[in-house]
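Chains as they are written, first to last, in the working numbering: chain A, 1 to 110; chain B, 111 to 361.
From the three backbone atoms N, C-alpha and C, an ideal C-beta is built for every residue, glycine too.
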Amino acid sequence: MAGRPVAVPDALKDLGERFNDPALKSSTRILILISLALNRRMSVVRILTLTGTEKGSISNHLKKLEASGFVVTRTSKTFGGYRTTVEITQKGLQTCIELLTTFSNFKQSV
Amino acid sequence: MSQENRNSAPPTGLDADEPVTLGEIKNATERAFKYQRYIARRTFALYYLAWAAAILFVVGSPNLMTLVGLSGALGETFQLIVRLIALAGAASITAVIFRDARRILMVRRALDRGKWIYSRYAGGLILWMFVVASAYVVVSWYFPTPPSRYFPGPAYSNLVFYALLLPIPFLLYRLMSLAFPDQRPVEGPIALTTFAVAAVISLALYFPPKGNSEVDFWKLGWVWGATALVWLLSAVYAFFSAQDELEALRS
Chain A
1 MAGRPVAVPD
11 ALKDLGERFN
21 DPALKSSTRI
31 LILISLALNR
41 RMSVVRILTL
51 TGTEKGSISN
61 HLKKLEASGF
71 VVTRTSKTFG
81 GYRTTVEITQ
91 KGLQTCIELL
101 TTFSNFKQSV
Chain B
111 MSQENRNSAP
121 PTGLDADEPV
131 TLGEIKNATE
141 RAFKYQRYIA
151 RRTFALYYLA
161 WAAAILFVVG
171 SPNLMTLVGL
181 SGALGETFQL
191 IVRLIALAGA
201 ASITAVIFRD
211 ARRILMVRRA
221 LDRGKWIYSR
231 YAGGLILWMF
241 VVASAYVVVS
251 WYFPTPPSRY
261 FPGPAYSNLV
271 FYALLLPIPF
281 LLYRLMSLAF
291 PDQRPVEGPI
301 ALTTFAVAAV
311 ISLALYFPPK
321 GNSEVDFWKL
331 GWVWGATALV
341 WLLSAVYAFF
351 SAQDELEALR
361 S
């Protein structure tokens with residue numbers, strides 16, 4: 001995935017294109033996406049701990065990520081009640097890797 | 111939101127939908143890796159616990175056999191099943207560690223640009239475990255201890271087994287440094303060193319090649335019992351330290 005350093009204008013253009021997706025126009029959603037790329041699957045409770053945001057807000061963020069096809073959410077019945085888990089999709093993983101690679105390229109270029 | 115505020119704000123909260131800054135990506139990445147460290151320490155706590163239990167079951171299976179009142183072929187089969195279940199459980203936790211390390215490195219590689227060395231160590235460890243298992247089976251088969259043909263006890267197989275265990279801590283140490291690239295948790299090297307020392311002492315107890323009747327099983331039991339205890343303490347320490355890391359992330 002990681003290649004040779006790219007020129008600054010190219011890196012900037014890449015970065016701009018990546019952020020055109022509405023789902024990536026929030027640092028909270030980027031944080032969720034990176035964490036899911038690291039963990040593959042997380043419960044909503046863990047995502048709440050990670051981000052420190054309120055449940056309603058997280059629900060909104062997850063809906064946007066799901067609408068872009070980056071994550072899928074599943075609710076299952078457990079002994080303690082219902083549990084919602086969020087899993088990153090291949091598209092989400094690919095986007096996250098590309099985003100971080102572009103970010104890394106940009107950091108190295110400047 | 112001003113550029114300055116956006117850069118200094120943590121990657122949390124009800125941020126508006128607008129292109130994020132590079133500073134925010136950096137913050138989000140750092141926070142995600144800190145959280146990952148918490149998750150990894152919890153997973154490693156489970157890993158130490160599973161291997162402590164596996165060691166205890168492998169070492170203590172003869173006592174367990176006596177406790178349930180089994181003997182002969184039935185007792186040997188019981189021991190074999192207990193050992194296999196314990197080792198399979200520990201191996202499955204190890205597989206989770208491998209899978210997680212692979213994913214972490216895939217993301218890290220995107221940031222660090224090309225430090226892709228996981229497969230060398232993971233592949234090496236898997237290959238080595240395969241060699242250990244194969245050598246154990248082959249040597250057990252060719253140098254059986256009558257009357258059992260299948261169950262451990264032969265003069266050479268244990269010697270080979272402990273000799274082949276020796277490189278495993280070194281490979282695990284490397285994998286641990288990949289799972290915790292910033293700083294290895296203190297309990298990891300302690301647990302692995304104990305394992306290596308136990309393997310060396312066991313090797314010494316079986317050398318020159320001895321049958322089971324000539325080996326001091328009390329010493330062997332103490333060595334591996336102490337190892338299991340250290341791994342158990344490592345599990346407890348890793349679990350509580352993980353909580354501290356989570357609290358630090360919250361604050």
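B/ASN99 classed as buried or exposed, judged by whether at least 16 other C-beta atoms fall within 10 angstroms: Chain B is shown from 111 up to 361; residue 99 of chain B falls before or after that span and cannot be answered.
Mind checking whether A/VAL71 and A/LYS55 have CB atoms under 9 Å apart? Residue 71 of chain A sits at position 71 when you count from the first residue of the first sequence. Residue 55 of chain A sits at position 55 when you count from the first residue of the first sequence. Result no, Cβ atoms of A/VAL71 and A/LYS55 do not sit closer than 9 Å.
Inter-residue spacing [alpha-carbon to alpha-carbon] between B/VAL242 and A/LEU24: Mapped onto the second sequence, residue 242 of chain B falls at position 132. Mapped onto the first sequence, residue 24 of chain A falls at position 24. B/VAL242 and A/LEU24 have their C-alpha atoms roughly 48 Å apart.
Alpha carbon of A/THR102 to alpha carbon of B/THR139, nearest angstrom: As a first step, residue 102 of chain A must be located in the first sequence, where it is residue number 102. As a first step, residue 139 of chain B must be located in the second sequence, where it is residue number 29. Cα-Cα distance, rounded: 13 Å.
Measure the CB-CB distance between B/VAL340 and B/SER312 and report whether it falls below 9 Å. Taking the first residue of the second sequence as 1, we reach residue 340 of chain B at position 230. Taking the first residue of the second sequence as 1, we reach residue 312 of chain B at position 202. In this structure, B/VAL340 sits away from B/SER312, with a CB-CB distance that is not shorter than 9 Å.
Excluding five sequence neighbours on each side, which residues of the same chain lie with their C-beta closer than 7 Å to the C-beta of B/LEU174? Translated into positions along the second sequence, residue 174 of chain B becomes position 64. Shown here for B/LEU174: same chain residues with a beta carbon closer than 7 Å to its own, the five before and five after excluded, namely VAL192 in chain order.
Cβ atoms of B/LEU221 and A/GLN104: under 9 Å apart, would you say? On the first sequence, residue 104 of chain A is found 104 positions in, with the first residue counted as 1. On the second sequence, residue 221 of chain B is found 111 positions in, with the first residue counted as 1. Reading off the sequence shown, one finds Ser at residue 104 of chain A, where the question assumed Gln. Cβ distance < 9 Å, so A/SER104 and B/LEU221 count as in contact.
B/GLU297 beta carbon less than 9 Å from that of B/SER244: Counting from 1 along the second sequence, the entry for residue 244 of chain B is found at position 134. Counting from 1 along the second sequence, the entry for residue 297 of chain B is found at position 187. The answer is no: Cβ separation not under 9 Å.
Same chain only: Cβ atoms within 7 Å of B/PHE349, ignoring 5 sequence neighbours per side: Residue mapping note: residue 349 of chain B aligns to position 239 of the second sequence, counting from 1. Cβ-Cβ distances below 7 Å link B/PHE349 to ARG152, ALA155 in the same chain, with the five nearest sequence neighbours on each side left out; the list follows chain order.
Measuring alpha carbon to alpha carbon, tell me which of B/GLN189, B/THR204, B/GLN353 ends up nearest B/ILE236. Translated into positions along the second sequence, residue 236 of chain B becomes position 126. With distances taken between Cα atoms, B/ILE236 lies closest to B/THR204.
Taking only three categories from DSSP, how would you classify A/GLY52? On the first sequence, position 52 is the one that residue 52 of chain A refers to. Here A/GLY52 sits in coil by DSSP.
For B/LEU180, which residues in the same chain have their Cβ closer than 6 Å to its Cβ, ignoring the five residues on either side in sequence? Taking the second sequence and counting its residues from 1, one reaches residue 180 of chain B at position 70. So the qualifying residues of the chain are PHE188.
Report all residues from its chain with a CB closer than 6 Å to the CB of A/LEU65; omit the five preceding and five following residues, and keep chain order. By one-based count along the first sequence, residue 65 of chain A stands at place 65. Excluding its 5 nearest sequence neighbours in each direction, A/LEU65 has C-beta neighbours in its own chain below 6 Å: ALA23, ARG29, VAL71, listed in chain order.
Tell me whether B/GLN146 is buried or exposed, calling it buried when 16 or more other Cβ atoms sit within 10 Å of its Cβ. Working through the second sequence from its first residue, we reach residue 146 of chain B at position 36. B/GLN146 comes out buried.
Using 9 Å as the threshold, is the C-beta distance between A/ARG74 and A/THR85 below it? Counting from one through the first sequence, the residue named residue 74 of chain A turns up at place 74. Counting from one through the first sequence, the residue named residue 85 of chain A turns up at place 85. For A/ARG74 and A/THR85, yes; Cβs fall inside 9 Å.
For A/LYS77, list the residues DSSP reports as bridge partners. Taking the first sequence and counting its residues from 1, the one referred to as residue 77 of chain A is at position 77. According to DSSP, A/LYS77 bridges with A/TYR82.
So, is the C-beta of B/VAL241 closer than 9 Å to a C-beta in chain A? By one-based count along the second sequence, residue 241 of chain B stands at place 131. No, no contact with chain A.
Spell out whether any CB of chain B is found under 9 Å from the CB atom of A/GLU98. Within the first sequence, numbered from 1, the residue matching residue 98 of chain A stands at position 98. For A/GLU98, the answer is yes, since a Cβ of chain B falls inside 9 Å of its Cβ.
Per DSSP, A/SER119 forms a beta bridge with which residues? Look at the range of chain A in this structure, 1 to 110, and you will see that residue 119 of chain A is not part of it.
Any beta carbon from chain A within less than 9 Å of B/GLY263's own beta carbon? To locate residue 263 of chain B, count along the second sequence from 1; it is residue 153. Summary for B/GLY263: the model assigns pLDDT 49, below 50, so the residue's position carries little reliability; its value from the coordinates is reported in the next sentence. B/GLY263 does not count as touching chain A.
Beta-carbon separation of B/GLY335 and B/LEU281 under 9 Å? One-based indexing of the second sequence puts residue 335 of chain B at position 225. One-based indexing of the second sequence puts residue 281 of chain B at position 171. Taking 9 Å as the Cβ cut-off, B/GLY335 and B/LEU281 do not qualify as a contacting pair.
Cα-Cα separation between A/ARG40 and B/ALA338, rounded to whole angstroms: Indexing the first sequence from 1 puts residue 40 of chain A at position 40. Indexing the second sequence from 1 puts residue 338 of chain B at position 228. Each residue's Cα considered, the two are about 31 Å apart.
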